[in-house]
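Beneath this line is the structure, given in structure tokens, with notes to follow.
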Amino acid sequence: PLVYAVRTWSKSRKINDAYTGWINSFGWTVMVVAYLQILGILPPIEYIDLTQERQTWSTTNTATVGDLFIDFFKWLLSFDYKNKRISIRYNGITDKEADKFTDDVIFCVERPRTPYQNITRQVTVRTLKVIRREWRRVITMIETKGALLSDICASSDTHQLN
512 PLVYAVRTWS KSRKINDAYT GWINSFGWTV MVVAYLQILG ILPPIEYIDL TQERQTWSTT
572 NTATVGDLFI DFFKWLLSFD YKNKRISIRY NGITDKEADK FTDDVIFCVE RPRTPYQNIT
632 RQVTVRTLKV IRREWRRVIT MIETKGALLS DICASSDTHQ LN
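Numbering-wise (our numbering), the sequence shown opens with residue 512 and increments by one.
Okay, here's the thing in structure tokens:
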């Protein structure tokens with residue numbers, strides 16, 4: 512449900528399109544998985560035995576999807592994207608190591624099974640500014656207005672890239 516909510520929100524706000532400088536659905540999904548790893552809800556992918564049909568792990572987390580949704584955006588706003596990268600191979604976050612990437616690393620979400628490939632390489636300084644503004648918008652709408660997902664997902668026609 513959390514991945515679905517984030518992807519629905521990003522598409523409705525028109526910040527889910529790698530071809531125009533935004534983060535694609537895969538990038539949003541990896542960021543949610545990383546966030547859930549940090550909370551201990553999901554394990555790092557390196558701990559998952561891909562030869563087994565069923566995996567076993569447990570969590571003591573009792574947060575609602577709504578709480579996880581708003582806290583996901585708070586986490587992203589506090590994320591040190593200048594020095595860190597999001598990596599589900601390393602339990603959510605690790606050092607950026609920008610010199611090891613062959614593409615842009617303004618905002619870095621590492622491809623899960625291919626080290627040092629940035630799946631958000633198309634994000635520019637300008638689009639990241641808008642994306643961060645959208646994260647703040649979600650938090651403000653929920654905390655000050657008690658907005659529902661339908662309100663938060665109100666369509667956006669264009670974004671000012673200033």
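Glycine is no exception: its CB is placed at the ideal position from the N, C-alpha and C atoms.
Point to revise | VAL576 vs LEU513 beta-carbon contact at 7 Å | key: yes
Practice item. Within its chain, find whatever has a CB closer than 7 Å to the CB of ALA609; leave out the 5 residues flanking it on each side and keep chain order. Key: VAL616
**Study point:** Collapsed DSSP secondary structure at GLU621 in the structure displayed
**Key:** strand
Review point. What are the residues that DSSP puts in a beta bridge with ARG524?
Key: According to DSSP, which records beta bridges pairwise, ARG524 is partnered with nothing at all.
Check your understanding: What are the uninterrupted segments assigned as beta strand (DSSP E) that are 3 or more residues long and contained completely in the region 576 to 647, given in chain order?
Key -> 595 to 598 and 603 to 606
Check your understanding: How big is the Cα-Cα spacing for PHE612 and THR567?
Key -> Going from the Cα of PHE612 to the Cα of THR567 covers about 34 Å.
Review point. What do you reckon, are the CB atoms on SER661 and SER523 nearer than 7 Å?
Key: No; because the gap between Cβ atoms is not below 7 Å, this pair is not in contact.
**Study point:** Whole-angstrom distance between ALA658 and ASP606, CA atom to CA atom
**Key:** 35 Å
Check your understanding: For GLU654, which three-state DSSP category applies?
Key -> helix
**Study point:** Limits of the alpha helix (DSSP H) - the one that TYR546 falls within
**Key:** 536 to 549
Check your understanding: Since ARG703 contacts LEU588 with CB under 8 Å, what's their CB separation in whole angstroms?
Key -> Limits of the chain in this structure are 512 at one end and 673 at the other, which puts residue 703 out of reach.
Exercise for review: Measure the beta-carbon distance from ILE599 to GLN563 and round it to whole angstroms, keeping in mind my assumption that it falls under 8 Å.
Suggested key: So it is not a contact: roughly 18 Å between Cβ atoms.
Check your understanding: If you draw a straight line from the C-alpha of SER536 to the C-alpha of ILE663, how long is it?
Key -> In a straight line, the C-alpha of SER536 is about 18 Å away from that of ILE663.
Exercise for review: Go through its chain and collect everything with a Cβ distance to PHE618's Cβ below 7 Å, but skip five positions before and after it.
Suggested key: TYR592, THR631, VAL634 and LEU639
**Study point:** Straight-line Cα distance separating VAL649 from LYS656
**Key:** 10 Å
Practice item. With distances taken Cα to Cα, identify the nearest neighbour of MET652 among ARG624, GLN628 and PHE580. Key: PHE580
Practice item. Assign THR531 to one of three DSSP states: helix, strand, or coil. Key: Helix.
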